[in-house]
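Following: one structure in structure tokens, then a few remarks.
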Amino acid sequence: MNPNLTYVLVVGVLFAAGVTLLLERSLTRVLMGVILLGNGANLLLLTGGRAGGPPIVGTTAGEDMSDPLPQAMVLTAIVITLGMTAFLLALAYRSWHLNGHDEVQDDVEDRRIMELADRDEGPGTADNDSPDGEPPQEPAERPVVVSGDAGRAQ
Amino acid sequence: MLVLVAIHVLAAAIAPVLVRRWGRRALYLVALAPAATLGWALAQTGTVRTGAPVVETVTWVPQLGLDVALRMGTLAWLMLLLVGGVGALVLGYSARYFRSDDPGLGRFAAVFVAFAGAMLGLVVSDDLLLMYVFWELTTVFSYLLIASDPTRRASRRAAMQALLVTTLGGLAMLAGFVMLGEHAGSYRWSEIADNLPTGGYLAVALVLVLLGALSKSAIFPFSFWLPGAMAAPTPVSAYLHAAAMVKAGVFLVALIGPAVVGATPWRPVLLAGGLITMFLGGWAALRQVDLKLLLAYGTVSQLGLLMVVLGAGTRDTALAGTAMVLAHALFKATLFLSVGVVEHVTGTRDLRELSGLGRRVPALAVVAGLAAASMAGLPPTAGFVAKEAAVEAFLQGGTADLVVLAGVVLGSALTVAYTLRFGWGAFAGKAGVPTTPAEPVRWPFLAPAALLAVAGLAVGAFAPAVDRVLVSYADLYPSVGSAYHLSLWHGFTPALGLSALAIAAGAGLFLLQRRGRLRPAQAPVDGAKVYDRLVGGVDRVAVELTGATQRGSLPFYLGVILLVLVVLPGGALLAGAPWPQRFTLWDTPLQAVAGAVVVVAAVAAARALRRMTAMILVGVTGYGTALLFILHGAPDLALTQFLVETVTIAMFVLVLRRLPAKFSERPIRASRRGRIALGVAVGVVTAGMAYVAAGSRVATPISVGFADKAVSYGGGKNIVNVTLVDIRAWDTMGEIAVLVVAATGVASLIFRRSRDLGLRRDIPGVGSSDSVRPRWLTVGATIRQQSVILQTITRLLFHAIVLFSIYLLFSGHNAPGGGFAAGLVAGLALAVRYLAGGRTELNGAAPVDAGALLGAGLFVALGTGLTAMVLGGEFLQSAVLDLHVPVLGHLHFVTSVFFDVGVYLIVVGLILDILRGLGAEMDRQQETEDAPEARTKELV
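Heads up: the sequence lines are chains S and Y, in that order.
Residues in the first sequence are numbered consecutively from 204, following my numbering.
Residues in the second sequence are numbered consecutively from 175, following my numbering.
Written out as structure tokens, the structure is:
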């Protein structure tokens, strides 16, 4: 099969524009990037099958028919992109509703770990660092007395 | 043997219930499980004395060749006596040590007896993998028992330390086991022993196995975890960290020793590690003021000695070693239990505070004294017999053995010194310290310790009887010179002299320390510090790594992923892709026109500053793509794409009316350039992939055969539709499920409470106040402020459009259309109604919960598939029905139409959810937000 240069060009441009938008922080822009990428991916799938007449028996002769398999795949992909668009739009709206903007924020927890790394510190959980820098090699506390009342305990 | 393990599992399962019912007395009942082990082992004594192992094999996972292969030789028999006997006695002791209202008692009983079961399994496993499983189980149970009091930081820390150290060793050991097992072709030790590798391979395997054994038995440099584990309650220390678990390493060395004693690193590693541990442990014991820690360091020292004796690898040392294992378990468990009693009756175990206890609780002093005598190696105890045997065995050896002997004698002197320190510290009256007040000791509390102490004495007295059994293990080693036999009295031998020397030296050391001439310094090497550095270092690396890779920024993550896309597939394209030499510019020139429109719109969309502009441009790319679909010969795609694009634009308009007109922030120039560069790179790579992929295609497409099959099996002429509902129906099934999830996601993001509530509020005729039945596709009577003409026209058109959608649904099998397209058309009809008349109109047009539509659709689709299955076909197999109905004429009917109906319902449900969520509910939220503002304004 010979590649169709028009498709190749359109796919490339759709991906380039889609990725550029996808890397933005505004959810609306991200979403538009997703749609452009979706269109590009659908065309990319379509390039895998040859063009021709509509794949409907009786309308087109068998050898003139376009390849129906990529079309079936693309068809569901189109509708799923719709579902995803709706979901991301709802997300953008929710973000705007709660925060007053639709920007994707950095993760707070990750930010905290990065600050630890910048300060050259460990995670600092209670069990891992001792307060005086000396590992408590011997149990610092008094012996475990399960029962303080020895008489009753016997 | 398997039955015994099962008894322990059962006991562990019911222990919490028993404890809840009978309190601490239940522990006596639980003690029956280890007691059963003891009884069984005793019953097998006759067999063991003949040297024949007791074998039991149950097939477990035949595919892996993994059997539950159990095997009890002399060594395992000895361990079973200790595991069962000491276990039962310590549980009996615990029944007095704890109080019935201790909150963790049920858990303690369960874990303790489970540990006894794991230990039992460990010593009788013949299969090394099975042994590893039990080995790690003991580690885990030990972890749980050390952290019996999870509220104390020291407990948690000690438990984690013990877990990390022993698990690390265990993993190394597993690697060693795998090396040995893979070489031998079997994981049963009884078979591996006859089929050992040689040279470097064996050396590496042995070092790995030794890592496990040494870490488990707290040998230098892993010694530090054992004193830390003293955070556990005293019964745990007595059982796990004196008698049973720490002996697992010793047991392993003794088990595989006879086969590998000649191999390169075996003896040096064990002798050196053991001697160092013996000195460091004994020395550290002299410094302790806590009686329990003193015993713990004593245990470390004794474990070192055991490794030396069992690692030496002659018949006589092996005999001495097994006797020593027995003696040590008996006296060390007794001493720990005694410390527990001391602590109970006085409230302390600090030897600086205790004074005159020997006079106040003489019975306890006698019991502890017997055990201490055994520890110091005084006649007529088991300890004496064992130590005599060891000294004698090394005396018979060469020069190297004499060096080891000197070490053993020196270690024995240290043992005597810290034994004296223990006895003096616990029971002696001290000048300047007031006599410690003490409660009287009741006999049930003391009895377990007393029994163990007496057992120690008995082993000494009946040494020849013990000898007759243990010899069958010792004989696995080659004999050097005359065969030694355990006995209390061998006459005035050099060994006796050396024993006396060690005792005298130990007493001297003790007196020196008492007079203040000897101040034991802390050991220069401290495993605990190394451990802390290592753990801290791992934590630091983790933070740095996480901080460097987990930036928490979505663009960063996406950028990394896309960069990989550019570098790897892009690199592959450059490196060696078969670039096609022949290509076509277009199939028809019209494609170039449509393509140019898409290209221009896409670039402009990426540059647009206003949301609405960008949205319209994105829409243009969509319509342009639809045009390309038509030109490609894909009418179904084009139809769906046109519809989806229209719905998308409607959705965008609904949301964008709430968001600001312009994008909030232009990214800074540098990062924007980076984004564009990455975007262009991805575009170029993808275009390259499209070019190469399309040109590489040489095989006949699988879809060539679709045309005939679509007609004959699928009963339809539209191949794309038949593919969706029949040939690849499973795919479609998954995809409509995704749609349901997306619709639910939209609803849950927008509706604050439930989809249902937001709906009910607005449907006229639904609800308790109004009993009129809602009518589907109704034309309501609410024409309000919107354009009257538009609203009227949409009402006129609405039914026609819905009818058209149903036509598309049913004709889709033979002509462009189908469930997806039809659902979109119906959805658009609803959207038009909503846009013209607001949410009241929408609810009038579709007075139904979107969730119900989605559910019904999924139900119908699944039901179609399942019906086919019930009728004996495959899931989603379709049947063609050709009927001749009188008036209507020939009726061609395919069951997959039902599946398409399900798809239709789901798509309509999705769009209804979108309209309700992004449209109606947003309106409502806006109104409620505006309302108070308006009121405030009026007030101002």
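Cβ atoms here follow ideal geometry from the backbone N, Cα and C, with glycine treated the same way.
Inset, instruction - Would you mind telling me which residues of chain S sit closer than 7 Å to Asn-122/Y, beta carbon to beta carbon, in chain order? - result: With chain Y covering only 175 through 1114, there is no way to say anything about residue 122/Y.
Suppose only complete runs of 3+ residues qualify. What are the beta strand (DSSP E) ranges in the stretch 883–920 of chain Y, listed by chain order?
none
Query raised in the report: In three-state terms, what does DSSP make of Glu-324/S?
Result: coil
Please confirm if the stretch 971–982 of chain Y is in contact with the stretch 1050–1057 of chain Y, defined as three or more CB-CB distances below 8 Å between the two stretches.
no
- For Val-615/Y versus Val-519/Y, is the C-beta spacing smaller than 7 Å? yes
query: Among the residues of its own chain, which have a CB less than 8 Å from the CB of Pro-324/Y, if the five just before and after it don't count?
result: Arg-330
Item checked: Euclidean distance between Cα positions of Leu-234/S and Met-825/Y -> 12 Å
### Task
Would you mind listing the beta strand (DSSP E) stretches within the stretch 203–255 of chain Y that are 3+ residues and don't spill past its ends, in chain order?
228–235 and 240–246
Item checked: Exposure label - Tyr-375/Y; buried when at least 16 CB within 10 Å -> exposed
If we cut at 7 Å on Cβ distances, does Asn-242/S have a partner in chain Y? yes
Verify whether the separation of the beta carbon atoms of Asp-761/Y and Ala-264/S is less than 7 Å.
-> no
Fill in: Proximity to Thr-224/Y [Cα-Cα], best of Phe-757/Y, Leu-662/Y, Ala-916/Y and Leu-644/Y
Leu-644/Y
Using the beta-carbon of each residue, which ones in chain S are nearer than 9 Å to His-1066/Y? Correct list: empty, because the minimum Cβ distance to chain S is about 13 Å.
For this session: Taking Asn-302/S as the query, report the chain Y residues whose CB atoms sit under 7 Å from its CB, ordered along the chain.
Result: What Asn-302/S touches in chain Y: nothing, since even the nearest Cβ is about 11 Å away.
Using a C-beta cutoff of 7 Å, does Trp-249/S count as contacting chain Y? The question names Trp, but residue 249/S in the sequence shown is Leu. Chain Y contact via Cβ: present.
task = Could you tell me which of Asn-205/S, Asn-207/S, Val-216/S and Val-211/S sits nearest to Ala-778/Y, measuring between CA atoms?
result = Val-216/S
What are the residues in the stretch 847–874 of chain Y lying within 7 Å of chain S by C-beta distance? Arg-849, Ile-850, Leu-852, Gly-853, Val-854, Val-856, Gly-857, Val-858, Thr-860, Ala-861, Ala-864, Tyr-865, Ala-867, Ala-868, Gly-869 and Arg-871
Between Glu-909/Y and chain S, is the shortest Cβ-Cβ distance under 7 Å, so that the two count as touching? yes
inquiry  = Among the candidates Glu-527/Y, Gly-423/Y and Val-513/Y, whose CA atom is the shortest distance from the CA of Leu-479/Y?
reply    = Gly-423/Y
Identified DSSP bridge partners for Lys-836/Y: Arg-784/Y
**Message:** Taking 7 Å as the threshold (C-beta atoms), are Trp-251/Y and Ala-215/Y in contact?
**Reply:** yes
Q: Say whether the stretch 425–442 of chain Y touches the stretch 549–566 of chain Y, bearing in mind that this needs 3 or more beta-carbon pairs closer than 8 Å, one atom from each stretch.
A: no
| query | For Glu-718/Y and chain S, any beta-carbon pair shorter than 7 Å? | reply | yes
Quick check on Gly-1063/Y: does DSSP put it in helix, strand or coil? strand
Under a Cβ-count criterion, where at least 16 other Cβ atoms within 10 Å of its own Cβ denotes burial, should Leu-933/Y be classed as buried or exposed? Per-residue confidence for Leu-933/Y stands at a pLDDT of 45, beneath the threshold of 50, marking its modelled position as unreliable; the derived number appears in the next sentence. Classification of Leu-933/Y: buried, given that the 10 Å Cβ count is 16 or more.
Rounded to the nearest angstrom, what separates Thr-758/Y and Asn-205/S at their Cα positions?
6 Å
If you drop the 5 nearest sequence neighbours on each side, which residues of the same chain put their C-beta closer than 6 Å to that of Val-383/Y? Met-347 and Gly-350
CB contact check: Arg-314/S to chain Y, cutoff 7 Å: yes
DSSP state of Gly-256/S, grouped into three classes? strand
Hey, out of Ala-226/Y, Pro-227/Y and Asp-241/Y, whose CA is closest to Thr-233/Y's CA? Asp-241/Y
Measure the C-alpha to C-alpha separation of Arg-362/Y and Gly-485/Y and round it to an integer number of angstroms. 22 Å
#### Entry: DSSP beta-bridge partners of His-1058/Y
His-1064/Y
State yes or no: is the beta carbon of Arg-322/S nearer than 7 Å to at least one beta carbon in chain Y? no
- Query: Mind checking if Ser-269/S is an interface residue toward chain Y, Cβ cutoff 7 Å exclusive?
  - Reply: yes
Hey, would you say Gln-218/Y sits closer than 7 Å to Val-229/Y, going by beta carbons? no
- Is it true that the stretch 434–441 of chain Y meets the stretch 380–395 of chain Y, where meeting means three or more beta-carbon pairs spaced less than 8 Å apart? yes
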